[in-house]
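Take the sequence shown: its letters are residues -13 to 122, numbered as in my numbering.
Just so you know, even glycine gets a beta-carbon here, dropped at the ideal spot from N, CA and C.
What you are looking at is a predicted structure, and each value in this text was computed from that prediction instead of being measured.
Take a look at the structure below.
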Amino acid sequence: FNPGPNFGISMQAPKPLTIFKQEFRYGAGINLGSLNGNTIDTKKINTISFDMKTNFEKLPLDFKIGFGISDMTGSGAIGASGTIDIMHDLPNTVDNLDISIGIRLQQIFDVDKDWKISHLHGLYGLNINIGRSITL
């Protein structure tokens, strides 16, 4: 497959969660992606995930771990999905706007009727995240 476009949207809960004295912002996300096929048809991969995001004091990076399910149209498979995003915040002059650039690693596994697990895809990519805090 060749690289293809990916669009995602996520929402975070207003209050963080603390695990082992580390603060995590958690939420849910939806990613819609497409891989352009060389010798086979283009494959669409749609993912819904639960995400936890954190950073460490001495590193200028944010880390996001996600667990969810992915649907791969064309193959008829729905699999368990895990993602790791490593991001760096970019400076900007707009209030309440968060911009970061990062690397995403995603693994997708199939679980059949007999609970046998098989690896379907290992995906990676560069991404730009643009977000804004919304207060209700």
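Euclidean distance between Cα positions of residue i and residue j
i	j	result
serine 67	glycine 111	15 Å
glycine 13	leucine 3	10 Å
arginine 90	aspartate 100	31 Å
valine 97	lysine 50	24 Å
asparagine 41	isoleucine 114	17 Å
isoleucine 34	glycine 15	6 Å
lysine 44	asparagine 32	34 Å
With 16 other Cβ atoms within 10 Å as the buried cut-off, status of residue i
i	result
histidine 105	exposed
serine 56	buried
glycine 23	exposed
glycine 108	exposed
glutamine 92	buried
Span of the beta strand (DSSP E) around residue i
i	result
asparagine 32	29 to 41
glycine 88	83 to 97
isoleucine 116	103 to 118
Rounded Cβ spacing between residue i and residue j (contact assumed at less than 8 Å)
i	j	result
phenylalanine 36	glycine 54	6 Å
lysine 39	phenylalanine -7	Their Cβ separation, rounded to whole angstroms, is 19 Å, which puts lysine 39 and phenylalanine -7 out of contact at 8 Å.
aspartate 75	aspartate 81	At roughly 15 Å, the Cβ-Cβ gap does not stay under 8 Å, so aspartate 75 and aspartate 81 are not in contact.
Heavy atom of the ligand FMN within 8 Å of residue i beta-carbon
i	result
aspartate 75	By its list of ligands, the structure shown contains no ligand whatsoever, and the ligand FMN lies outside what it can speak to.
Residues that residue i bridges to, as DSSP identifies them
i	result
isoleucine 64	Asp57
asparagine -8	Gly19
phenylalanine 10	Leu3
leucine 76	Ile85
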